[in-house]
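Peer 1: In full-length UniProt numbering, the protein residues as written are 1 to 817. Note that beta-carbon positions come from the ideal geometry of N, C-alpha and C, so glycine has one too.
1) Opposite residue 438 in the DSSP bridges: which residues?
2) Quick check on this structure: which residue in 397, 377, 45 has the alpha carbon closest to the alpha carbon of residue 149?
3) Report yes or no: do the region 652-664 and the region 580-588 share at least 3 C-beta pairs separated by less than 8 Å?
4) Would you call the region 415-432 in contact with the region 332-346, where contact means no fewer than 3 C-beta pairs closer than 8 Å?
5) Which residues in the same chain as residue 94 place their Cβ atom closer than 7 Å to its Cβ, once the five residues preceding and following it in sequence are excluded?
6) Determine the burial state of residue 644: buried for a count of at least 16 other Cβ atoms within 10 Å of its Cβ, exposed for fewer.
7) For residue 397, which three-state DSSP category applies?
8) By DSSP, does residue 624 sit in helix, in strand, or in coil?
9) Can you grab the Cα-Cα spacing for the pair residue 762 / residue 682, in whole Å?
10) Which residues in the same chain as residue 372 place their Cβ atom closer than 6 Å to its Cβ, once the five residues preceding and following it in sequence are excluded?
11) Work out the CA separation of residue 264 and residue 552 for me, nearest whole Å.
12) Could you check if residue 178 is buried or exposed, using at least 16 other CB atoms within 10 Å of its CB as the buried criterion?
13) Going by beta-carbon coordinates alone, are residue 219 and residue 314 separated by less than 7 Å?
14) Which class does residue 487 belong to by DSSP, given the choice of helix, strand or coil?
15) How do the region 550-570 and the region 610-630 stand: do at least 3 beta-carbon pairs fall below 8 Å, yes or no?
16) Please name the residue in 615, 617, 675 whose C-alpha comes closest to that of residue 641.
17) Determine contact between the region 468-479 and the region 489-501, defined as no fewer than three beta-carbon pairs at a distance below 8 Å.
18) Write down every uninterrupted run of the alpha helix (DSSP H) in the UniProt domain "SH2" (605-672) whose length is 4 residues or greater and which is fully enclosed by it, in chain order.
19) Which residue or residues does DSSP assign as beta-bridge partners of residue 545?
20) Going by DSSP in three states, residue 90 sits in which element: helix, strand or coil?
21) Are the C-beta atoms of residue 590 and some chain B residue less than 7 Å apart?
22) Anyone know if the C-beta pair for residue 198 and residue 145 falls short of 7 Å?
23) Please specify which runs of the alpha helix (DSSP H), each continuous and at least 4 residues long, are wholly inside the region 526-596, giving them in chain order.
24) Would you check if there are 3 or more beta carbon pairs closer than 8 Å linking the region 443-462 to the region 423-431?
25) Tell me the DSSP bridge mates of residue 709?
26) Helix, strand or coil for residue 452 per DSSP?
27) For a test of the three-state rule: what should DSSP assign to residue 740, helix, strand or coil?
28) Of all the alpha helix (DSSP H) runs that stay within the bounds of the region 327-413, which reach a length of 4 or more residues?
29) Can you look up residue 692 in the DSSP assignment and give me helix, strand or coil?
30) Alpha carbon to alpha carbon, how far is residue 390 from residue 300? Give it in angstroms, no decimals.
31) Would you kindly work out how many angstroms separate the C-alpha atoms of residue 153 and residue 285, rounded to a whole number?
32) Got a sec, what are the start and stop residues for the alpha helix (DSSP H) residue 264 sits in?
33) Where residue 118 and residue 110 are concerned, what is the direct C-alpha to C-alpha distance, given to the nearest angstrom?
34) Sorted by chain position, which residues of the same chain lie with C-beta nearer than 8 Å to residue 323's C-beta, five sequence neighbours on each side aside?
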């Protein structure tokens with residue numbers, strides 16, 4: 001939050017304590033709106049202050065809190081055209097001034113209250129001067145402020161209470177839009193009536209002018225005493241009174257209509273701010289989180305289009321009516337400065353229309369955030385108000401380019417009134433970079449679907465220090481220009497940050513960049529600034545979101561604790577969430593610095609097991625059959641506590657990228673003590689050839705999954721065909737079967753030839769037969785690795801190792817084991 005926001009929030013809090021006697025104004029009720037407003041976070045409190053600052057003194061709101069909430073509640077129906085409602089509004093506005101005067105009069109003249117009393121006296125005088133001839137305006141201003149305060153409070157509640165408040169806000173917006181649609185219809189009828197009065201006035205005025213000329217001619221010819229002169233003079237005077245009456249009625253009706261438009265504009269601004277600055281931005285933020293797996297309600301964009309479409313119709317119609325009214329005022333001017341008032345209103349409505357059009361040019365389907373050169377990609381842009389303004393009738397073209405971070409900054413920092421040239425914003429070449437906006441009559445959508453975009457060239461900036469190409473962010477720029485009436489619109493919108501790669505091995509680091517950006521970018525930031533450090537709570541939420549989207553269910557607290565230990569390189573982190581959640585994780589720890597005694601980073605490790613689980617063990621994960629995130633010694637302790645041979649669990653390897661191992665309990669045949677064996681990690685390559693469920697059934701030593709799930713529970717995940725079938729060409733079909741050297745055999749699954757056992761970590765057959773390969777040794781005991789070696793002649797390795805008790809392999813000459 002900015003310093004100015006903090007200052008504003010502080011002002012609200014200070015004013016609440018200085019200007020209010022809580023016992024007197026709040027009474028016994030604890031459900032007042034202001035009670036909730038006081039509990040808002042500082043940035044939202046600042047929004048409340050800004051709302052009142054522009055329309056109604058916050059000091060009065062604070063000092064008459066309960067009375068204002070009771071009398072000016074937005075839930076009370078109010079129609080500015082209803083005479084009874086007008087009367088009520090005038091009465092309440094007058095009562096408000098009386099209440100304020102009473103409050104001032106009751107304040108003592110002691111030093112503590114002197115400044116407050118003077119401030120309130122000044123405010124009362126300003127309110128009387130401003131609204132002396134417009135008490136309904138005062139009522140509308142107070143009601144509007146109270147309504148906005150309520151929206152801010154509800155928005156804050158929605159963030160903590162779920163969807164009910166969100167539904168309430170949607171319903172409020174819908175009601176406001178319906179009211180505005182009804183009101184614009186009424187102003188149209190009123191304009192038509194005033195136009196008829198104008199026409200009648202014009203006709204009578206012309207008749208009056210003719211009679212005046214005729215009377216002048218008669219007087220010059222026959223004199224004042226001529227009988228027809230007297231008759232004509234009387235007729236002229238009667239017509240003059242009628243003309244004056246119609247002129248007075250005409251100007252008064254125009255004044256009232258202009259006032260109605262002014263009130264409509266206030267309501268329009270309020271609703272449009274709510275839709276654009278809150279609801280649309282919330283949708284964009286959700287779209288950004290969708291890059292990390294967040295689920296976005298697709299109906300939200302359709303609801304936004306409905307609101308924007310209707311609001312654009314109201315604004316455009318209102319502007320049209322104002323310009324028509326301006327023409328009447330030009331033809332029949334008055335002394336009330338109506339022409340100038342209309343010019344100001346038209347300018348404000350035009351600005352409102354411009355904001356609505358430019359803000360609703362959105363990217364419906366984002367381009368990929370990791371973009372590989374010479375690879376086809378798609379994107380869709382939509383103009384939410386396109387249907388209402390018939391933009392498609394001029395068939396505007398949308399162009400696509402890719403811009404650097406500096407160019408994105410330049411675009412956003414340029415004044416909105418300054419004309420820009422799209423040619424100045426490009427850092428590469430995209431094929432098929434033009435498309436025409438099309439109108440879908442069924443859903444009233446005006447959009448462009450780019451089906452065959454392809455990035456051919458990219459111009460990179462100079463790197464500093466340890467920066468790599470996977471750290472550099474670009475953005476896809478969509479640009480269009482068109483005319484609506486006499487108004488020229490220049491629209492552009494930027495995609496979410498994009499990282500450009502040229503090879504698949506750059507993808508993991510590029511994903512780290514966009515994951516961090518999607519999760520931790522603050523709205524309204526300077527492109528593409530992100531914090532260098534975030535709390536583990538934030539990081540854990542982001543990782544869990546990605547995991548849930550890819551694997552079907554999110555990470556539990558014990559999983560997040562394990563990940564925290566790994567990310568912070570601290571296996572002894574306290575197990576209290578409040579302690580490790582508050583620790584700050586740096587960008588370097590996340591994806592730059594390699595893990596201790598490893599050649600890969602935390603992100604690379606996480607990304608590879610996410611990919612493995614998503615592609616090969618998703619159903620097992622969703623059934624909670626994969627324990628996964630558990631340290632080796634913790635897994636051993638869990639299994640030994642069961643004291644039952646054949647108990648097993650699935651655990652992600654610490655040392656093998658994208659590896660999962662089976663840990664199982666057996667009994668040492670010589671020492672008769674429980675021992676835990678761990679099969680060498682299975683990788684994507686292994687599980688692509690034979691699923692984990694099939695592998696588990698291959699191993700007869702495995703009997704039940706920790707803590708007490710029978711092995712048969714895995715049958716539903718096994719391959720459909722278990723019996724080899726003869727191939728059409730006469731060959732006998734074969735299948736791969738997993739065996740663990742030294743384990744018990746299976747009559748139904750005889751040993752496969754050496755070199756075909758899937759007992760090794762992914763990579764190559766060489767890895768399977770080279771246990772001394774450093775890259776193939778997990779963080780388990782050397783005996784565990786040796787168990788997985790299938791040696792010709794079926795030598796019992798356990799017996800061999802028993803002969804070497806006390807031998808320390810780390811001291812063997814030549815490196816040995």
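Peer 2: The answer reads as follows:
1) Taking the first residue of the chain shown as 1, we reach residue 438 at position 438. Per DSSP, 447.
2) On the chain shown, residue 149 is found 149 positions in, with the first residue counted as 1. Comparing Cα positions, the closest option is 45.
3) no
4) no
5) Along the chain shown, read from residue 1 onward, the residue named residue 94 stands at position 94. Here the set comprises 135.
6) Along the chain shown, one-based indexing puts residue 644 at 644. It counts as exposed.
7) As a first step, residue 397 must be located in the chain shown, where it is residue number 397. Of the three classes helix, strand and coil, the one that applies to residue 397 here is strand, per DSSP.
8) Numbered from its first residue, the chain shown carries residue 624 at position 624. The answer is coil: DSSP assigns residue 624 none of H, G, I, E or B.
9) One-based indexing of the chain shown puts residue 762 at position 762. One-based indexing of the chain shown puts residue 682 at position 682. Note on residue 762: pLDDT 32, under 50, position unreliable in the model; the coordinate value appears next. Taking the straight line joining both Cα atoms gives about 6 Å.
10) On the chain shown, position 372 is the one that residue 372 refers to. So the list reads 501, once near-sequence residues are dropped.
11) The count along the chain shown starts at 1 and reaches residue 552 at position 552. The count along the chain shown starts at 1 and reaches residue 264 at position 264. If I take the Cα positions, the gap works out to 49 Å.
12) As a first step, residue 178 must be located in the chain shown, where it is residue number 178. The residue is exposed, with fewer than 16 neighbouring Cβ atoms inside 10 Å.
13) Translated into positions along the chain shown, residue 219 becomes position 219. Translated into positions along the chain shown, residue 314 becomes position 314. Not in contact: residue 219 and residue 314 (Cβ atoms no closer than 7 Å).
14) Reading the chain shown from its first residue, position 487 is the one you call residue 487. Reduced to three states, the DSSP call for residue 487 is strand.
15) yes
16) Looking up residue 641 in the chain shown gives position 641. Nearest option by C-alpha distance: 675.
17) yes
18) 618-622, 632-642
19) Residue numbering aside, residue 545 sits at position 545 when the chain shown is read from its first letter. Residue 545 pairs with nothing; no bridge assigned.
20) Working through the chain shown from its first residue, we reach residue 90 at position 90. Helix.
21) Reference to chain B is not applicable here, since this structure consists of a single protein chain.
22) Taking the first residue of the chain shown as position 1, residue 198 is located at position 198. Taking the first residue of the chain shown as position 1, residue 145 is located at position 145. Not in contact: residue 198 and residue 145 (Cβ atoms no closer than 7 Å).
23) 536-551, 557-567, 577-580, 587-591
24) yes
25) The residue labelled residue 709 in the question sits at position 709 within the chain shown. Note: residue 709 sits in a beta bridge opposite 705.
26) Along the chain shown, read from residue 1 onward, the residue named residue 452 stands at position 452. Here residue 452 sits in strand by DSSP.
27) Position 740 of the chain shown, counted from the first residue, corresponds to residue 740. Note: residue 740 maps to coil in three-state DSSP.
28) 338-359, 405-413
29) Position 692 of the chain shown, counted from the start, is the residue given in the question as residue 692. If DSSP states are grouped into helix, strand and coil, residue 692 belongs with the helices.
30) Reading the chain shown from its first residue, position 300 is the one you call residue 300. Reading the chain shown from its first residue, position 390 is the one you call residue 390. Whole-angstrom Cα-Cα distance: 23 Å.
31) Within the chain shown, the letter at position 153 stands for residue 153. Within the chain shown, the letter at position 285 stands for residue 285. Whole-angstrom Cα-Cα distance: 20 Å.
32) Taking the first residue of the chain shown as 1, we reach residue 264 at position 264. Segment 227-273, the alpha helix (DSSP H) holding residue 264.
33) Residue mapping note: residue 118 aligns to position 118 of the chain shown, counting from 1. Residue mapping note: residue 110 aligns to position 110 of the chain shown, counting from 1. If I take the Cα positions, the gap works out to 12 Å.
34) Here the question's residue 323 lines up with position 323 in the chain shown. Hits under 8 Å: 346.
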